[in-house]
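Worksheet: one structure, shown below.
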Amino acid sequence: MQRFPPGAFFTVGDLMRGFPPIQIFLLCLAFIVLAIPLSQLTGAASHAKAAPVKVVEAKGVKALLRLRYAHKPSKLSLKIGKKELMAEIGASPIELDTSLPSAKDGVDVFLSATWAEGTPDTSITLELEPDGLASRSETRWSAAGSLDEVITFEWK
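Residue 418 is where the sequence shown starts when you use the working numbering, and the numbers rise one by one after that.
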């Protein structure tokens, strides 16, 4: 077996079968070599200043309102607050772009409809989809040819 000069810490045989202190040293050296660039990539704080956010109080939230019915009502009224949304009764479904006062607290929709004599009890589905919030849908059934409901939509 070949030996290193006198005073050497290990022999060639130690290198061939592995010498734990050297293996640990090489492993630590590899971690340090990898850690330096990774710490610069992940630990660097951004020096860019965030743009100031302008606070604009919205007067309302835009929303899409869909109204579906099986039998066309002879009279239909749809209100949010004091604002009447229905100008005329069209074919189902009716889609309206509207503005809601505030979707955070919930929205009360006043729905009133009447049907001609002899119309069976029927349903009206009201779907409300504010910008940035999930769509909500409510179905109500008429009784004796009329419907008067306050439908509350809430988002949490």
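All C-beta atoms, glycine included, are put in the ideal place defined by N, C-alpha and C. A quick note: this is a predicted structure, and the numbers were derived from the prediction, not measured.
Grab the span of the alpha helix (DSSP H) containing residue i for me, first residue to last.
i, result
"Ala447", "Pro437 to Thr459"
Check the DSSP bridge columns for residue i and list the partner residues they point to.
i, result
"Leu543", "Leu484 and Glu555"
"Ile568", "Val526"
"Glu501", "Lys496"
"Ala561", "Paired residues: none, contrary to the question."
"Lys479", "Ser516"
"Thr531", "Lys492 and Ser563"
Tell me the residue span of the beta strand (DSSP E) that contains residue i.
i, result
"Lys492", "Lys492 to Ile497"
"Leu513", "Ile511 to Leu517"
Please identify the residue among the options whose C-alpha is closest to the C-alpha of residue i.
i, options, result
"Glu512", "Glu546, Pro490 and Ser491", "Glu546"
"Ser494", "Ser554, Ser563, Lys573 and Thr569", "Ser563"
"Gly523", "Trp558, Ser559 and Lys573", "Lys573"
"Pro510", "Arg434, Asp538, Lys489 and Pro518", "Lys489"
"Asp548", "Thr515, Leu446 and Leu451", "Thr515"
"Ala371", "Ser456, Gln440 and Asp538", "Since the first and last residues shown for the chain are 418 and 573, residue 371 lies out of range."
"Lys492", "Val478, Arg434 and Ala530", "Ala530"
"Arg553", "Phe436, Leu446, Ile453 and Leu482", "Leu482"
"Leu375", "Glu534, Leu550 and Arg557", "What the structure shows of the chain is the stretch from 418 to 573, and residue 375 is not part of that stretch, so it cannot be assessed."
Just confirm the distance between the C-beta atoms of residue i and residue j, as a whole number of angstroms; I'd bet it's less than 8 Å.
i, j, result
"Tyr486", "Ile541", "5 Å"
"Val478", "Ile497", "That belief does not hold up - the Cβ atoms of Val478 and Ile497 are roughly 11 Å apart, past 8 Å."
"Glu566", "Leu528", "5 Å"
For residue i, verify whether its CB is less than 7 Å away from any heavy atom of the ligand COA.
i, result
"Pro490", "By its list of ligands, the structure shown contains no ligand whatsoever, and the ligand COA lies outside what it can speak to."
Output yes if chain B places a C-beta closer than 8 Å to the C-beta of residue i; else output no.
i, result
"Asp548", "Checking the listed chains, one finds no chain B in this structure; it contains a single protein chain."
Counting pairs of beta carbons, one from the region 496 to 505 and one from the region 452 to 462, are three or more of them closer than 8 Å?
no
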